[in-house]
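**Q** If you read the sequences in order, they're chains D and P.
Quick note on numbering: the first sequence equals residues 1 to 663 in UniProt numbering.
Quick note on numbering: the second sequence equals residues 1 to 663 in UniProt numbering.
For each residue, glycine too, the CB sits at the ideal point set by N, CA and C.
Keep in mind it's a predicted model, so treat the numbers as computed, not measured.
Number of protein chains: 2
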Amino acid sequence: MASVHPDLEAQMATAIRVLAMDAVEAAKSGHPGAPMGMADVAAVLFNRFIRIDPADDKWPDRDRFVMSAGHGSMLVYAIHHMLGYDDMPMDQLRAFRQLGSRTAGHPEYGHAKGIETTTGPLGQGISTAVGMALAERMMNARFGDDLVDHWTYVICGDGCLMEGISHEAIDFAGHQRLGRLIVLWDDNRITIDGGTELSTSTDQQARFAASGWHVQAVDGHDRDSVARAIQAAREDERPSMIACRTVIGFGAPNKQGSHDVHGAPLGAAEIAAAREHLGWSHEPFVLPDDILGSWRNVAARGAAARAAWQERLTNSPLTAEFSAMLAAPDAARLREAIATHVAALAADRPKVATRKSSEMALEVVNATLPNTVGGSADLTGSNNTRTKGMTAVTDVDRSGRYIHYGIREHGMAAAMNGIALHGGLIPYGGTFLAFSDYSRPAIRLGALMGVPVVHVMTHDSIGLGEDGPTHQPVEQVAALRAIPNLLVFRPADAIETAEAWEIALTAPHTPSVLCLSRQNLPTLRADAGENLTRQGAYTLRETDGPRDVTLIATGSEVEIALAAADLLAAQGVRAAVVSAPSFELFVARPAPEREAVLGQAPRIGIEALIRQGWDGLFLRPGDGFIGMTGFGASAPAPDLYRHFGITAEATAELANQLIRGGK
Amino acid sequence: MASVHPDLEAQMATAIRVLAMDAVEAAKSGHPGAPMGMADVAAVLFNRFIRIDPADDKWPDRDRFVMSAGHGSMLVYAIHHMLGYDDMPMDQLRAFRQLGSRTAGHPEYGHAKGIETTTGPLGQGISTAVGMALAERMMNARFGDDLVDHWTYVICGDGCLMEGISHEAIDFAGHQRLGRLIVLWDDNRITIDGGTELSTSTDQQARFAASGWHVQAVDGHDRDSVARAIQAAREDERPSMIACRTVIGFGAPNKQGSHDVHGAPLGAAEIAAAREHLGWSHEPFVLPDDILGSWRNVAARGAAARAAWQERLTNSPLTAEFSAMLAAPDAARLREAIATHVAALAADRPKVATRKSSEMALEVVNATLPNTVGGSADLTGSNNTRTKGMTAVTDVDRSGRYIHYGIREHGMAAAMNGIALHGGLIPYGGTFLAFSDYSRPAIRLGALMGVPVVHVMTHDSIGLGEDGPTHQPVEQVAALRAIPNLLVFRPADAIETAEAWEIALTAPHTPSVLCLSRQNLPTLRADAGENLTRQGAYTLRETDGPRDVTLIATGSEVEIALAAADLLAAQGVRAAVVSAPSFELFVARPAPEREAVLGQAPRIGIEALIRQGWDGLFLRPGDGFIGMTGFGASAPAPDLYRHFGITAEATAELANQLIRGGK
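(1) Quick one: any contact between the stretch 345-364 of chain P and the stretch 103-120 of chain P, if contact means 3 or more CB pairs under 8 Å?
(2) Relative to the C-alpha of residue 488 of chain P, which candidate in P:178, P:344, P:585, P:376 has its C-alpha closest?
(3) Measure from the alpha carbon of residue 579 of chain D to the alpha carbon of each residue in D:559, D:513, D:455, D:529, then state which is nearest.
(4) Check the DSSP bridge columns for residue 162 of chain P and list the partner residues they point to.
(5) For the stretch 464-476 of chain D, which residues have a beta carbon sitting closer than 9 Å to at least one beta carbon of chain P?
(6) With DSSP collapsed to three states, give me the class of residue 185 of chain P.
(7) Measuring straight from C-alpha to C-alpha, what distance separates residue 679 of chain P and residue 348 of chain P?
(8) Provide the residue(s) that pair with residue 625 of chain D in DSSP beta bridges, ordered along the chain.
(9) Does any heavy atom of the ligand SAH sit closer than 8 Å to the C-beta of residue 63 of chain P?
(10) Quick one: what's got a C-beta closer than 8 Å to residue 28 of chain D's C-beta in the same chain, skipping five residues either side?
(11) At a CB distance below 9 Å, what residues from the stretch 409-433 of chain P approach chain D? Give them in sequence order.
(12) Can you pull the chain B neighbours of residue 385 of chain P, defined as C-beta to C-beta under 9 Å?
(13) Could you pull the start and end residues of the alpha helix (DSSP H) that residue 553 of chain P belongs to?
(14) With a threshold of 6 Å on Cβ separation, who are the neighbours of residue 441 of chain P within its own chain once the five nearest residues in sequence on each side are excluded?
(15) Is the CB of residue 665 of chain D under 9 Å away from at least one CB in chain P?
(16) Can you confirm whether residue 209 of chain P, when its beta carbon is compared against all beta carbons of chain D, has any partner nearer than 9 Å?
(17) By how many angstroms is the C-alpha of residue 483 of chain D removed from the C-alpha of residue 665 of chain D?
(18) Residue range of the beta strand (DSSP E) that residue 216 of chain P falls in?
(19) Going by DSSP, what residue range makes up the alpha helix (DSSP H) through residue 26 of chain D?
(20) Does residue 174 of chain P come within less than 9 Å of chain D when only Cβ atoms are used?
(21) At a Cβ threshold of 9 Å, is residue 593 of chain D touching chain P?
(22) Going along chain D, which residues have a C-beta under 9 Å from residue 644 of chain P?
(23) Is DSSP giving residue 644 of chain P helix, strand or coil here?
(24) DSSP state of residue 373 of chain D, grouped into three classes?
(25) So, with DSSP's three-state summary, where would you put residue 48 of chain P?
(26) Against residue 658 of chain P, what residues of chain D qualify as contacts under a CB-to-CB distance less than 7 Å, listed in chain order?
(27) Where does residue 512 of chain D land, buried or exposed, given buried means 16+ other C-beta within 10 angstroms?
(28) Can you tell me whether residue 9 of chain P is buried or exposed, with buried defined as 16 or more other CB within 10 angstroms of its CB?
(29) Report, in whole angstroms, the separation of the C-beta atoms of residue 431 of chain P and residue 379 of chain P, which I expect to be a contact under 8 Å.
(30) Taking the alpha-carbon positions, what's the residue 162 of chain P to residue 495 of chain P distance?
(31) Is the beta carbon of residue 395 of chain D closer than 9 Å to that of residue 167 of chain D?
(32) Please list, in chain order, the chain P residues whose beta carbon lies closer than 8 Å to that of residue 616 of chain D.
(33) Quick one: using the 10 Å Cβ neighbour count with 16 as the cut-off for buried, is residue 389 of chain D buried or exposed?
(34) With H, G and I counted as helix, E and B as strand and the rest as coil, what does DSSP make of residue 517 of chain D?
(35) I need the straight-line Cα distance from residue 407 of chain P to residue 273 of chain D, nearest angstrom please.
(36) Could you please give the first and the last residue of the uninterrupted beta strand (DSSP E) stretch that includes residue 132 of chain D?
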C-alpha cells in the first residue's frame, strides 16, 4: 500500500464525481450515479494499489482494471484523463458520447488506451475478468513472479450480480481459487426500477462464500476501510469480493441514494448544489494542479514498476520464450504444419466426424503453437477438444493447457475473451452448437472487441440424431453468421477442418466458430495444396462441359451434394458441386470471382439448417434449397435426413425440376 | 403423505430403473444414469405426494412435475407408462428416441401428455418451473385454495445448477418466497467429463440458503428420509431445495457411480448384471401386476382429487371467471378494443416512440384482458411495460399484475414460459432488444413448445443513440427471425404497434417479439380499418402511375422511406412505400400476393440493421439495401443515422442509381 495524503485522496475522488456529472450533463445523457457512488473506492484502488503505466498501456504485467458496471464509463474516462493517458485529453471528456470520440457511452476496448475489455452488457465484465485472472496465474506458472505478478480488479454492480453469467464466473473462479481476482461490489441497493428490494433478496456475501470466495463488507465512502479490505483481499489466497456499501450519486445532495441519479443528467441546479456540497469551486472540465498531481503520482508509480519489470525481463533467461508467447502465432510455422497434416489426410482419406477431424487438427496445432489453451463446457469427449498429453489447469497446478469450464457455456465464452485479452495464451473451447445460444452475448462481445478466440461447436445439425430438437441446431448457424466480425466455418471434411483451424488461429482481430459434425464424413478433397477454405466457397467438382446445375453445400451436406451429382450424371445431367465452408470469407471476395464459382446454371443450396443467409449470396429467385424449415426431431440421424428430405435423391429431383423449369 | 408399502415402493423404483436401462439399450442411445439414480426419489415423490390424473392431463389444479435434467427423460416416460397415460403404452417405450414416437430423447411438451415443459437445455426446467410456481400463487390469490392449491416439483442435476440461468431462477424464487416450489437436486457428484470436483466447488446448500431457500440434504436412496424431507419442504414457507445424495446409474453394479453410465447404453452384460443385482427377473418391457398396481394407485389418488376439485369448481361462485381466465383470450373483444384504439390513433396521430405506443396499446389490452401479466428485467420505465394501476406481485401479495423480474433477462423469459404453460395468465415482459441474446435459449424453447408469450424488446436499433454498440441491436432481429415459430414484429408507428399486440395476444401457439423504438416516430397510417400488420407487409403509399421504385422498410425506417419517396417525387420519380412489420406473416402469404405488394420495379430495403433475411423474401439480385453492415457506435441517434448513411437522401440517391442502372 502506498502512503496516502488523506485530503488529496478525498479530492481525487471528488474530481471523478465532478468530471462524471459534468460530462453527463454536457452529453445530455449518461450515468452519473455509479461513478459518483464508487469514486471513493476507485480513488483508493488507484491511489494505493493499482500498478499501470499510461505510457505503455500494453505492458504485460500491468494490473487489469475492469469496470463491469460499464454504464459507469465516466469513472474510467475521468481516471484515465487524470492519469495522463495521451489519448484522453479533456476534450475527449467534453465529447463524451459523441460521434467519433473515444469516450463512448460504455467503455469500448480498442477505442481508448487502458480499456481492458468492453463492458455494458451486465455480467460480462466480471466474467471476462475471471479469464484474465486465470490467464495471469497460467502465465505465472510458466514464467514466474519476476515476469507475471499482477492483479485483476473489478467494479461491479447489482446488475452484474443478478445476471446468470455471474454465477458461472463466481463458481468457476472460486473453484480455481483465483486469488489474484478482487471484485469490488458497488452495494448501493438501487437498480433502475427502484430499490433492490423490488427484485432480490440474495445475501451476496453468503453467496460468494458458498462458492469459496473470501468476502468482506465495508463502508464504500470510508477510504481507509476500503484500503484495509483491499489489502486483506490481496493477502487471502481465494478470490475476494468486497461489498462496498455506497450511496449512488454520492455528492448530489438532493438526488443521491435514489434511482433518479442512475442514468440521467443531474441538471444544472443539482450540479450547482453538488459543487457546493462537495466544496468544488472549479469550472466544468477544470482540475487543480494538486489533484492532477496526485493522479499523476499513480502513473509515476506504475512507470517505475514497469521499468523494474522491463529490467527483469531483459535479464531473464525466459525473455525470448515470453516474447514469443505474447506475439501473434507463428503463421508460417502453422501453415507448414497444417499443410503436412492435410497432405497426410489427402493420402489417408479418413472417414471421421469433423469433430474428430478437429481433434486431429488440434494435435498438430497444439504441438506447433505453445500457447493454445483448450477446454470444454463439460463435453470434452463429445467436442474432442483435448489432445494427447494436455493436462488440466487446476487450483494447485496452472501449468496445464486444458480447462474444465464446467457446464457453463456463457462463462466459458466470456472467460475465453478474458484469456485472449490478457495476452500470452490462445483460448479455444467447446460445447454443442445448439448451446451457442447460451454463450451468444459473450461471442458477440468478442466479435465487437475483435478478440481472437475459437469456439468449437460440435453436433451441428439434425445429424446428431436422437437427442432431438432441443439439441439440434437449425437456426444457430444463420444467427452466428449474422454477427459482424465473426468467422463461421462449417467444414465438409478433415481437410477443410484443418484449413479452418489455420485460418481461425491466424485471424488477428476476429473470433471464429467451428461448426462440426457428430456423424462420420468421408474425406472429399484429393488435393493438398492451397487452403481452399480461405476462399469461403470453391468448386469441389467441376463438370465436363457447361453446367446444367450447381449444387452448393456446407459441412455434412457436401457429401450429399456429391452423391446427388453422381445420380444426376447417371441421368445425363451435368452438376457441379461447390463447397462453402465460410460465408464470410466468400462475401469478402470480388463479385466476379463469386460469380465464376457459382456459375449461371440453376443453383441448389444444401444445408441441413434453415435457408436464411443463402439468398442474395448464393441463391437467386428461382434457385432451390434443400434444408430445414422448422425444428428437428428425435430419431437416428439417417432417419431424420430422410424424414426432412435432405438426401441426394431429393436434391437430384429438385435439380431436374429446376432444369426443366428453366427450359 | 399417503400410506406406503415399503417393498412395493422399492419395486416401483426398480421398475423405473429397469425400463430406463432397457429402453436406452433398445434405442442404442440415451441416458440411463439419471433415471436409475433418481428412481427412489421419484418413486417416493409420486407414490406419496404427487397429485395428477392421467385421465385429465390438463386438470388445472394438478401438481406440476418438471424433469429439469431432461436427458433423464426415460424416468418420465417410465412413470407415465406405469401411471396409465393412454398415450404412453409400452410400445412407446420400446420406440424410445425413434422417429414419430412420443418418447423423444428429451421430454418434449406437446408430444405426450403430462410433459409440463420441454427440457434438455440445462437450467431451463428449473427456471420454467419458477414461473409455474409463481403462476400458481398468483392464481391462488385470485381464486383461493379451493380452486388453486398445487405444487411444483423439479428434479434437477449438477448441470442445471451450474448454468447461469439457475442463479436468476433461484434468486427470483427466493425473493418471491415461492413456497410451493420444491427442487430435488440429483446430487450424484458426476458430470459428463468426470467428477464434479473437476469444475465446481460451490456448496449448493449454502448457495440456495443465501437466496432465501429452505435447504435439506438426504440420502437419495433412503426413501423414508426423502419422504420426510419433502414433507418438511411442504411445511416451510420458503421454496425448498433438497440435496438428494445419489449414485448415478444406481443398480448397474459395475458401472454405477461413474460418468460412464451418464449417457450411453449399459450394454447387455451390465444389464444382465443389473437385473440380478436388482432382483428383477422379468423380460424387458414386462411389468408385474403388483408393481403396476401400485403405480395405478397413484393415478387413482389423483383421479379422486380431481373429482373433488371438479365438485368444488362446480359449486364455486368463481366458476365462470376461473374458466374465462383459463380459456384463450377473447379475440373478438380484443379486436374491437384495439380497433377503437386504432381509430383514435388515426385521428390523433401521436408522434411517440413505439415503446410508448406499446404502452398505449397495453392500456387497452390490460383493461380488456383480465389475465395479462406484465413485467420487465429492471427496465420498466424504458420498456414502458407497466400500465396505469398495475401493482407489483410480491411475496406477500400475489394479486398484482406486474412482475419485477430483476436484471435477469434469461430467467424472465423462462419464467414467462412457465407462467404461460401453467395456464390462466398471459405473460409479457420487457428488456432491451440487444439483450434478447441473453434470453435467447428460453425464447427458442418457447417457440419450440409453441407457448404464447410476448417479449417486449425496446431500443431496437442504433436509434437508441449514445449507449453505443453494446446496446445497439444490429443482428438481433435477423437472429430472432431465424427462430422457427416465432413472430417478430417491428412496427412503424402507434397503429402498427397496436395491431402487433392484437396478433401476438391471439396467436395460440406462437410466441412473439415486439421490436420497439426508443426514438419518437410519427403516426403514418391514416386508415383505421383492417389490421394491415396481419399481412406482414403492405403498400403504405402507392404511386400514381407505374412504380419507378419500391421502398420497403420496417419500424423507424418507414418514416425515412416516406421522406425518400417525397424527395423522389420532387425529382419526378414514382416511389411506392411498403411497410413490412412482420416477415413471418408475409412469408405465409401466397407468392402472387407477395409479388403484388412488392411490384416489379427496382426495390430498396431500408432497415437500420443488417441485410440478412431481406434477400429472397423482399430483394432480388440488383435490388438495394440501406442499413447496417457492422456494429453501431455511441452518439446521438440523428448523428448515427447520418454517419451510417441511413437517410432519406441516401435512399433517394440509391433509388436513382438503381433506376438508371435498370434503364
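**A** Well, looking at it:
(1) no
(2) P:585
(3) D:559
(4) None; residue 162 of chain P has no bridge partner.
(5) 465, 466, 467, 468, 469, 470, 471, 474, 475, 476
(6) strand
(7) Summary: the structure shown does not reach residue 679 of chain P, with chain P confined to residues 1 through 663, and so no result is reported for it.
(8) D:605
(9) Among the ligands in the structure shown, none appear at all, so the ligand SAH cannot be discussed.
(10) 265
(11) 409, 410, 411
(12) This model lacks chain B altogether, as its protein chains are D and P.
(13) Premise fails: residue 553 of chain P lies in the beta strand (DSSP E), 549-553, not in any alpha helix (DSSP H).
(14) 121
(15) Not covered by the structure: residue 665 of chain D. The range shown for chain D is 1 to 663.
(16) yes
(17) Examination of residue 665 of chain D is not possible in this model, given that chain D is present from 1 through 663 alone.
(18) 214-219
(19) 6-27
(20) yes
(21) no
(22) Within chain D, no residue comes near residue 644 of chain P; the closest Cβ sits about 10 Å away, beyond 9 Å.
(23) coil
(24) strand
(25) helix
(26) Those do not exist, as residue 658 of chain P stays about 15 Å from chain D at its closest Cβ, beyond 7 Å.
(27) buried
(28) buried
(29) 6 Å
(30) 44 Å
(31) no
(32) 611, 614, 615, 616, 619, 621
(33) exposed
(34) coil
(35) 32 Å
(36) Where residue 132 of chain D is concerned, there is no enclosing beta strand (DSSP E), although the alpha helix (DSSP H) it sits in stretches over 124-147.
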